[in-house]
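Report on one structure; see the data block that follows.
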Amino acid sequence: MEPKAAAKKAGAPGPTSKLGRKYSLVELGDYLLGSQVWVREKEKEELYSLAKVLSISGTSLTVEIEGGGPTKTVPQEECLNANVGVIPENCNDLSKLPHANEAAALHIIRERYLKDIIYTYAGRLLIALNPFKAIPGLYSPSTLTLYQNADSSRGFPADLPPHTFAVAQAAVDCMQTLRENQACIVSGESGAGKTETARQLMQYFAADKAGKGKDKVQDIILGANPVLEAVGNAKLESRV
Numbered sequence: 001m002e003p004k005a006a007a008k009k010a011g012a013p014g015p016t017s018k019l020g021r022k023y024s025l026v027e028l029g030d031y032l033l034g035s036q037v038w039v040r041e042k043e044k045e046e047l048y049s050l051a052k053v054l055s056i057s058g059t060s061l062t063v064e065i066e067g068g069g070p071t072k073t074v075p076q077e078e079c080l081n082a083n084v085g086v087i088p089e090n091c092n093d094l095s096k097l098p099h100a101n102e103a104a105a106l107h108i109i110r111e112r113y114l115k116d117i118i119y120t121y122a123g124r125l126l127i128a129l130n131p132f133k134a135i136p137g138l139y140s141p142s143t144l145t146l147y148q149n150a151d152s153s154r155g156f157p158a159d160l161p162p163h164t165f166a167v168a169q170a171a172v173d174c175m176q177t178l179r180e181n182q183a184c185i186v187s188g189e190s191g192a193g194k195t196e197t198a199r200q201l202m203q204y205f206a207a208d209k210a211g212k213g214k215d216k217v218q219d220i221i222l223g224a225n226p227v228l229e230a231v232g233n234a235k236l237e238s239r240v
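The sequence shown: position 11 = 11 (the UniProt record's numbering), numbered continuously.
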């Protein structure tokens, strides 16, 4: 989901974002010995495993998969840089990682998800994973009020965790500052939670911070939901 012109608000990276790189390959050198790298393992569901570098020969590395895994020799192109000392639950924005590669992103998003932290920024984008359960307080009126009152003058509020409400507030700020219409794009696979995310955005937009005309605003915005659901869904192989 991405509000128009929100890059100016969020200080997001441009087209050369770290996540836009094809790979974040390791550079061979003695400094790698004893350090951690991500090793691609196509046969595993996780795709990548952390491994300790034991030796280097030519353009190949001999590594030991962590957690009691095997020792194997892999080519350089199957190894990606690992981030040292990064705590996934404290990493709200993937674009700020020293090494923002596919393996690091998958690891951080997975670990956050396991702790019911379903939102993560990637620059000006918000990655959302469907928890398939209710998370207490995540969309409560008090949570909504926190994002309404947060300082978002420089983009997504730094003192609050990633949230659909933060994206909604960024769109509101851009609309007020630029005096232009804004759009929040919600994309994902069937069952990813797009409809629910759209409801959360409309819930935020319908909330009148000043409390004036609250019922009328909510009726107008939330009343559009059945129409959006009726004509706003694409025809897919999994949903015909």
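Using N, Cα and C, we set each Cβ at its ideal position, and we do this for glycine too. Remember, predicted model here, so these are calculated numbers, not experimental data.
Within a Cβ cutoff of 7 angstroms, which residues of the same chain sit near residue i, ignoring the five residues on either side of it in sequence?
| i | result |
| --- | --- |
| P131 | D116 and I118 |
| K22 | For K22, the pLDDT reaches just 46, beneath the cut-off of 50, and the residue's location in the model is therefore unreliable, although a value from the coordinates is still provided. The answer is none, since no qualifying residue turns up. |
| S35 | V53 |
For residue i, which residues from the same chain have a beta carbon less than 8 angstroms from its beta carbon, with the 5 sequence-adjacent residues on both sides left out?
| i | result |
| --- | --- |
| S152 | K9, A166, Q169, A170 and D173 |
| L25 | Q76, E77, C79, L80 and N81 |
| I135 | D116 and I118 |
| N92 | T120, Y121, P161 and P162 |
| N83 | L97, P98, H99 and A104 |
| L144 | F165, Q203, Y204 and A207 |
| L32 | V26, V53, I56 and L61 |
| D219 | none |
| V186 | M1, K194, T197, A198 and L201 |
I'd like the list of long-range same chain contacts for residue i, defined as Cβ closer than 6 angstroms, with 5 residues on each side in sequence excluded.
| i | result |
| --- | --- |
| E41 | S49 |
| I109 | T120 |
| H163 | Y119 |
| L129 | Y113 and I118 |
| N101 | S24 and L80 |
| E111 | P88 |
| W38 | Y48, L80, A82 and A103 |
What did DSSP end up calling residue i once you bin it into helix, strand or coil?
| i | result |
| --- | --- |
| D93 | strand |
| Y31 | helix |
| N130 | coil |
| L138 | coil |
| G213 | Note that G213 scores 49 on pLDDT, short of 50, meaning its location in the model is unreliable; the coordinates nonetheless yield the value given after this. The answer is coil: DSSP assigns G213 none of H, G, I, E or B. |
| K22 | Residue confidence for K22 is low, a pLDDT of 46 falling below 50, so the modelled location carries little weight; the figure read from the coordinates is stated next. DSSP places K22 in coil when its eight states are reduced to three. |
| V227 | helix |
Under 8 angstroms by Cβ, that's how I've got residue i and residue j pegged, so tell me the actual separation to the nearest angstrom.
| i | j | result |
| --- | --- | --- |
| L28 | L106 | 24 angstroms between Cβ atoms; not a contact. |
| residue 246 | T73 | Because the chain in this structure spans residues 1 to 240, residue 246 falls outside the shown range and cannot be described. |
| E43 | A51 | Rounded, the Cβ-Cβ distance is 15 angstroms, inconsistent with contact. |
If you follow the beta strand (DSSP E) that residue i is in, where does it begin and where does it stop?
| i | result |
| --- | --- |
| P75 | T71 to P75 |
| Y48 | Y48 to S57 |
| N81 | C79 to N81 |
| N158 | Residue identity check: residue 158 is Ala in the sequence provided, not Asn. Looking at the DSSP string, A158 is not in any beta strand (DSSP E), and its letter there is neither H nor E. |
| S60 | S60 to I65 |
| V39 | Q36 to R40 |
Taking the alpha helix (DSSP H) that residue i falls in, what are its first and last residues?
| i | result |
| --- | --- |
| A183 | Per DSSP, A183 belongs to no alpha helix (DSSP H) and is neither H nor E. |
| A105 | E102 to L114 |
| Y204 | K194 to A206 |
| Y147 | P141 to N149 |
So, does the CB of residue i fall closer than 8 angstroms to a CB anywhere in chain C?
| i | result |
| --- | --- |
| P70 | Given the protein chain composition of this structure (a single chain), no chain C is represented. |
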